[in-house]
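A.B. asks: Pasting a structure below so you can have a look.
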Amino acid sequence: MTRSETPSPLPFRLPAGGLIDRSTEIRFSFDGRSYAGHPGDTLASALLANGVRLVGRSFKYHRPRGLLSAGPEEPNGLVELRAGARREPNTRATVAELYDGLEATSQNRWPSLRFDLMSLNQLAAPILSAGFYYKTFMWPAALWEKLYEPMIRRAAGLGRAAEAPDPDRYEKATAHCDVLVVGGGPAGLAAALAAARTGARVILADEDFRLGGRLLAEAQTIDGRPALEWAALAEAELEAAPEVRIFRRTTVFGAYDHGAYGAVERVNDHVATPPAYEPRQRLWRFVAERCVLAAGAIERPLVFPGNDRPGVMLAGAVRTYAHRYGVAAGREAVVFSTGDDALRTARELAAGGVTVAAWVDARREPPDALREAVQELGAPFYPDGAITAVHGRTSIQAVDIRTPLFQTTLECDLVAMSGGWSPTLHLTSHLGGRPVWDEALGAYRPGAPPPGMSVAGAAAGGMTLRECLATGGRLGLEAARAAGFEGTDAPPPVAWPESAAAATLWRGPTGKGKAFVDFQNDVTDADLELAEREGYRSVEHAKRYTTLGMATDQGKTSGVNAVGILAGLRGQGMAETGTTTFRPPYTPVSFGAMGGHHRGKEFRPTRRTAAHAWAAEQGASFVESGVWLRAEWFTRPGETDWMQSCAREVATVRGAVGICDVSTLGKIDIQGPDAAALLDRLYTGTFSTLPVGRARYGLMLREDGFVFDDGTTARLGAEHYLMTTTTANAGKVMQHIEFALQWLWPELDAQAVSVTEQWAQFAVAGPRSRELLARVVAEDVSNEAVPFMAALPVTLPGGVRGRLFRISFSGELAYEIGAPSSYGEALARALMEAGRDLGVAPYGLEALNVMRIEKGHVAGGELNGQTTARDLGLQKMVSTKKDFIGRVMAQRPALVAPDRPALVGWKSADPSVRVSAGAHFLDVGAAASMENDLGYVTAAAWSAHAGGWIGLGLMKHGPERIGETVRAWDAVRGRDTPVTLCAPCFYDPQGERLRG
Amino acid sequence: MRITCPHCGERGNEEFAYLGDATVRRPDDAGAARPGAPEFERWMDYVYLRDNPAGRHRELWQHVHGCRAWLVVTRDISTHAIFSVEDARAAALARPSLVARDAAS
Ligand SMILES: [Zn+2]
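Set out below in structure tokens:
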């Protein structure tokens, strides 16, 4: 940043005026060239001040384009802002606050903005008309992929996303208030003041970096002094009010149900790099009792040939550049208007020394007062006139003007056009409210806004400053009252009367050249004609067919003109032709803001078990399992492959003793007089008959009859059970139990609570597990004291109360031992220490999986939500003597059909050939087809015990075909392997080891 | 959406889980409901048949990230207007018994 006594004058900067800091010069670059601007500028105003008119190329025809507007509705001035990882495409230059070092690049041009080869598309215009996307390129099909699509995509690129991860941070937050005021112009300031004076909690949000709205952009007087002084006083009062929060640079982009509003605060978009610990953007949810929408209005372009040439601008924008930024958008201007409002623009230009070369009024009989005012400025006044041609390509040289009396060509370099103003009513229609046509206003007014929302000022169609101040103050007070606050009515501040009289003109006389309706998507009036001719009657259909309103600006400047043109083509009124509704967001919201902190490692919480640090020390490799991190295997020195580690761990359990952290299994504590009755209804088996001190395997169905979950449940007391669930379903089972207790059977006197995180639990498995436990547990752990399926409280080292369950997933003599979570890590270390001379080692999920497959226990691959108890060979666990969830639906004929795929074991005939889960069973010699498909492999493992690849599968008539050989056909991996079917248990089928 | 939990107060809908129709009632005659029997048809309706009215409806929600209570929310499905939120267990206890309903029909 440089301070200089006499900054070098910029070619189009007015000598005085504007809300910019002329004492400070800042530098920025556009397409690699360096320019100067001032704090208070936007990128757009600074480019205009430097005489840069050409800012982009249009989407379809690559026509040269300049700035149309000075606000968020801008369709042409889209740039890539910043560079490298911070590059952001499709940024509107009109709302990009200028900062020192800003880098911007134009889009949609190749190879350069001034010389764009793609503008040759204009010569192909006949094939790029309405619906071109849908019909022109449909034939021949082969050309579509190879030629048309790459060509269109290249030609149409609307900016490039950054190719490196965004280095900045984004946040999400919620704020509550009584009254949310959207918009900080005169209506919004008046509303916020009135609400704040009642003591209500007020949030005032405005997308601009400075409050004031239109007061920043034009010369107005309030209460006898310059309007900006009034705005400054209002801002100061609001700043001082304790219950008011002002959000600048904050766009309220969506209205949602029940008073929720989405907003994005651009905390640090106006600096090159956000300061440390600050986000670039913050996504807000505002929760408001009441909302006053004071979002203002958007000016409509006029549709005439050449209306897209750089230098044809909205009249309101022209005066904004002059008044707020001290920038002349040209040297000689022609005004083309349907209303009186543009007079302010003409006066602003004249005051800045810009020649007003003519006023072309589309009305046959414009007001005399207007004619006199224009003539006072020295400009010729042409009623009932139109611009019929614009000369020049990348800038304007002259325009053709036609009236019923004569025709002339006038030299100029700026056209300020005004087709009237449309209320910015987007938020009123986000919940389905349909805007209604108001013939007198010549615009759509808000229909039924969402509950709790009222609309003030220009957004409601009250276009004069007087109306803005009056409705803002009244609705702000009403909103506060509705939220429970008291206040007294006060007269609104005084503003001068002004004329907002305007007619509507949807299309001027046709002439030579294209007349654009949607600048961003290059849709012309002729495209709308074609759509109408081809039968697209509904406005929504015509919009989709022509793509009007479907670009990033969502038709802010084109939607109403399009309805008007379609109405004209049909000879209908606006109301009969249709309306146009809007969906969130009002302006684009970045993915960064939507994601907030939830990216990378913070995408979701990382959950570690109590003994995580111990497992890491033991060389664990962790994997996400459900919401948890679990050890897959533990690498020992010298092991180079996970299958080596896994095989060693299996051998340790089968030969000595191993320890596995099973804390992630869901644990639900169920107590109460009816706890037993509840479990009988949740499980297919009976738990009311389970003796205290014993555990039982349980199978749970969904009400539709399919298997939901399984686990071991122990009875710790007459009215006390401890249920375990699979890791994956822990949350769902808890919800299921709460549903049963609260909704299905509220009369049951039982309580359930999740204790998954309160207890750490370890499997201690292997022939020497009892020996190990005897060294850790104070009580007798002999086979007599702790028989198979026993469950009992025990005393751990240090007197800690733990729990011991004699259950086995591995098929070995095995236990699970539990301790309160805070002792989990100490227990793991104590078990390892006690088992050192026994050869103890930790084992992970892979070894667990190998052993459960060898033992034929079902798990995730088989409990897939599509299997029944019968499919899994568990029919004997299903009671026929009681009601339980899923009992009735499980009897459906299709669920008991004999050809349903059922659980079967298989073994590869050739130990050297791997078989993977997902392979399909086919008969030997059968073609791989849907008809011949017999089922598929659900689990596969290398088994040292079996000496080969083994696994489980679901196969039609599988259990009846044991001993036969079929094929495991794996198209993904290109394998076709013979496998022999067997019973789904490969290890100790009699269960002697686990009972020993 | 904002839902007013009778136990916790007004909260954002991200704290709640949606289940669906609260007007269906689980039959209690599982023993008699064999395929082909009329009781079985009633079970099929309970598991699979749902009204989807364009207007006021009673629905089950759960305050999963709050007090865990199941709730009966009476809501206009078209406008999302919420008319009442009841504790589901209290509403369930207030239901007539199935025996009484069968006798009346
Ligand atoms: Zn709650």
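These protein sequence lines are chains A and B, in that order. Using full-length UniProt numbering, the first residue of the first sequence is number 1, and each one after it goes up by one. Using full-length UniProt numbering, the first residue of the second sequence is number 1, and each one after it goes up by one. Even for Gly, the Cβ is constructed at its ideal location relative to N, Cα and C.
1. For the region 57–89 of chain B, which residues have a CB atom closer than 9 Å to at least one CB atom of chain A, in sequence order?
2. Taking a cut-off of 5 Å, which residues have a beta-carbon closer than that to any heavy atom of ligand 1, in chain order?
3. Would you mind sorting Thr664(A) into buried or exposed? The rule is 16 or more other CB atoms within 10 Å of its CB.
4. Compute the beta-carbon to beta-carbon distance between Ala502(A) and Gly339(A), rounded to the nearest angstrom, for a pair I have assumed lies under 8 Å.
5. Quick check: is the beta carbon of Met889(A) nearer than 8 Å to any beta carbon in chain B?
6. Given a limit of 9 Å on CB to CB distance, which residues of the region 27–40 of chain B reach chain A?
7. Verify the CB distance criterion: does Ala654(A) have a CB-CB separation below 8 Å to chain B?
8. For Phe18(B), which residues from the same chain have a beta carbon less than 6 Å from its beta carbon, with the 5 sequence-adjacent residues on both sides left out?
9. Could you check how far apart the C-beta atoms of Asp51(B) and Asp21(B) are, in whole angstroms? I think they sit under 8 Å.
10. Under the rule that 16 or more other beta-carbon atoms within 10 Å means buried, what is Asp489(A), buried or exposed?
11. Would you call the CB atoms of Glu171(A) and His597(A) closer than 8 Å?
12. Going by DSSP in three states, Val327(A) sits in which element: helix, strand or coil?
13. As a quick exercise: from Asp223(A), Glu992(A) and Pro242(A), pick the residue whose alpha carbon is nearest that of Leu465(A).
14. I'd like to know whether the C-beta of Val287(A) is nearer than 8 Å to at least one C-beta of chain B.
15. Taking the beta carbon of Lys881(A) as the centre, do at least 16 other beta carbons fall within 10 Å, making it buried, or is it exposed?
16. Using beta carbons (cut-off 8 Å, strictly below), is Trp942(A) in contact with chain B?
17. Which value, in whole angstroms, describes the spacing of the CA atoms of Thr606(A) and Trp43(B)?
18. Go through the region 629–682 of chain A residue by residue and report every complete run of the beta strand (DSSP E) that reaches 3 residues or more, in order.
19. Check this for me: beta carbons of Pro450(A) and Ala255(A), under 8 Å apart or not?
20. Classify Asp976(A) as helix, strand or coil using the three-state DSSP reduction.
21. So which residues of chain B does Arg248(A) contact, with C-beta pairs closer than 8 Å?
22. Please return the same chain residues whose Cβ sits closer than 6 Å to the Cβ of Gly511(A), not counting the five positions on each side in sequence.
23. Just to confirm the assignment: which complete alpha helix (DSSP H) runs, minimum length 4, are found wholly within the region 314–376 of chain A?
24. Can you tell me whether Met463(A) is buried or exposed? The criterion is at least 16 other CB atoms within 10 Å of its CB, across all chains shown.
25. Could you check how far apart the C-beta atoms of Asn521(A) and Gly419(A) are, in whole angstroms? I think they sit under 8 Å.
26. Please return the same chain residues whose Cβ sits closer than 6 Å to the Cβ of Asp709(A), not counting the five positions on each side in sequence.
27. In the DSSP assignment, what are the bridge partners of Glu97(A)?
28. So the candidates are Glu624(A), Gly626(A) and Ala631(A); which of them puts its Cα closest to the Cα of Gln618(A)?
29. Near Gly66(B), what residues of its chain come up, given a Cβ to Cβ distance below 7 Å and the 5 sequence neighbours on each side ignored?
30. Using DSSP's beta-bridge definition, name the partner residues of Ala173(A).
31. Taking C-beta pairs closer than 9 Å, name the residues in chain B that Leu744(A) reaches, listed in chain order.
32. Quick check on Ala2(B) - is its C-beta less than 8 Å from some C-beta in chain A?
33. List, in chain order, every chain B residue whose beta-carbon is nearer than 7 Å to that of Phe739(A).
34. Within the same chain, show all residues whose beta-carbon is closer than 8 Å to that of Val913(A), passing over the 5 residues directly before and after it, in chain order.
35. Would you mind working out which of Glu779(A), Leu43(A) and Phe12(A) sits nearest Arg27(A), comparing C-alpha positions?
36. Would Pro893(A) count as contacting chain B if we go by Cβ distances under 8 Å?
C.D. replies: On the basis of the supplied data:
1. Leu60, Gln62, Val64, Arg68, Ala69, Trp70, Val72, Ser78, Thr79, His80, Ala81, Ile82, Asp87, Ala88 and Arg89
2. Cys5(B), His7(B), Cys8(B), His63(B), Gly66(B) and Cys67(B)
3. Position 664 of the first sequence holds residue 664(A). Buried: at least 16 other Cβ atoms inside 10 Å.
4. Here residue 502(A) corresponds to residue number 502 of the first sequence, with the count starting at 1. Here residue 339(A) corresponds to residue number 339 of the first sequence, with the count starting at 1. Their Cβ separation, rounded to whole angstroms, is 3 Å, which keeps Ala502(A) and Gly339(A) in contact under 8 Å.
5. Residue numbering aside, residue 889(A) sits at position 889 when the first sequence is read from its first letter. It does; some Cβ of chain B falls within 8 Å.
6. Pro27, Asp28, Asp29, Ala30, Gly31, Ala33, Arg34, Pro35, Glu39 and Phe40
7. As a working mapping, residue 654(A) is identified with position 654 in the first sequence. Reading the sequence as shown, one finds Arg at residue 654(A) and not Ala. Not one chain B Cβ lies under 8 Å of Arg654(A).
8. For the purposes of this step, residue 18(B) is identified with residue 18 of the second sequence, where counting begins at 1. Looking at the sequence provided, one finds Tyr at residue 18(B) rather than Phe. Taken in chain order, the residues that qualify are Trp61.
9. Walking along the second sequence from the start, residue 51(B) turns up at place 51. Walking along the second sequence from the start, residue 21(B) turns up at place 21. Contact holds; Cβ gap of about 7 Å.
10. Indexing the first sequence from 1 puts residue 489(A) at position 489. By the 10 Å Cβ count, Asp489(A) comes out exposed.
11. Within the first sequence, numbered from 1, the residue matching residue 171(A) stands at position 171. Within the first sequence, numbered from 1, the residue matching residue 597(A) stands at position 597. Going by C-beta atoms, Glu171(A) is nearer than 8 Å to His597(A).
12. To locate residue 327(A), count along the first sequence from 1; it is residue 327. Strand.
13. Within the first sequence, the letter at position 465 stands for residue 465(A). Comparing Cα-Cα distances from Leu465(A) to each of Asp223(A), Glu992(A) and Pro242(A), the minimum goes to Asp223(A).
14. Numbered from 1 along the first sequence, position 287 holds the residue referred to as residue 287(A). It does: the Cβ of Val287(A) has a partner Cβ on chain B nearer than 8 Å.
15. As a position in the first sequence, residue 881(A) is number 881, starting the count at 1. Exposed, since its Cβ has fewer than 16 Cβ neighbours within 10 Å.
16. What you label residue 942(A) is simply residue 942 of the first sequence in a count that begins at 1. With 8 Å as the cut-off, Trp942(A) does not count as an interface residue toward chain B.
17. Counting from 1 along the first sequence, the entry for residue 606(A) is found at position 606. Counting from 1 along the second sequence, the entry for residue 43(B) is found at position 43. Looking at the two C-alpha atoms, the distance is approximately 42 Å.
18. 658–661 and 666–671
19. Taking the first sequence and counting its residues from 1, one reaches residue 450(A) at position 450. Taking the first sequence and counting its residues from 1, one reaches residue 255(A) at position 255. Result yes, Cβ atoms of Pro450(A) and Ala255(A) sit closer than 8 Å.
20. As a working mapping, residue 976(A) is identified with position 976 in the first sequence. Asp976(A) falls in the strand class under three-state DSSP.
21. On the first sequence, residue 248(A) is found 248 positions in, with the first residue counted as 1. Residues of chain B passing the Cβ test: none, with the nearest at roughly 25 Å.
22. For the purposes of this step, residue 511(A) is identified with residue 511 of the first sequence, where counting begins at 1. Result list for Gly511(A): Pro305, Thr388 and Ala389, in chain order.
23. 315–323, 343–351 and 368–376
24. What you label residue 463(A) is simply residue 463 of the first sequence in a count that begins at 1. Classification of Met463(A): buried, given that the 10 Å Cβ count is 16 or more.
25. Along the first sequence, one-based indexing puts residue 521(A) at 521. Along the first sequence, one-based indexing puts residue 419(A) at 419. With a Cβ gap of about 18 Å, Asn521(A) and Gly419(A) do not count as contacting.
26. Taking the first residue of the first sequence as 1, we reach residue 709(A) at position 709. Met700, Thr725, Thr726, Asn729 and Val733, listed in sequence order.
27. Taking the first residue of the first sequence as 1, we reach residue 97(A) at position 97. DSSP lists Thr42(A) as partners of Glu97(A).
28. Working through the first sequence from its first residue, we reach residue 618(A) at position 618. Per the Cα distances, Ala631(A).
29. In the second sequence, residue 66(B) corresponds to position 66, counting from 1. Excluding sequence neighbours, Gly66(B) sits near Cys5, Cys8, Arg11 and Glu15.
30. To locate residue 173(A), count along the first sequence from 1; it is residue 173. According to DSSP, Ala173(A) bridges with Trp284(A).
31. Numbered from its first residue, the first sequence carries residue 744(A) at position 744. Neighbours of Leu744(A) on chain B, chain order: Arg26 and Ala92.
32. Reading the second sequence from its first residue, position 2 is the one you call residue 2(B). The sequence shown places Arg at residue 2(B), rather than the Ala named in the question. Taking Cβ atoms only, chain A reaches closer than 8 Å to Arg2(B), which makes this a yes.
33. Your numbering for residue 739(A) matches position 739 in the first sequence. The answer, in chain order, is Trp70.
34. If you number the first sequence from 1, residue 913(A) lands on position 913. Same-chain partners within the cutoff: Trp949, Arg975 and Thr977.
35. Taking the first residue of the first sequence as position 1, residue 27(A) is located at position 27. Of the listed residues, the one whose Cα sits closest to Arg27(A) is Leu43(A).
36. The sequence position of residue 893(A) within the first sequence is 893, counting from 1. At least one chain B Cβ lies under 8 Å of Pro893(A).
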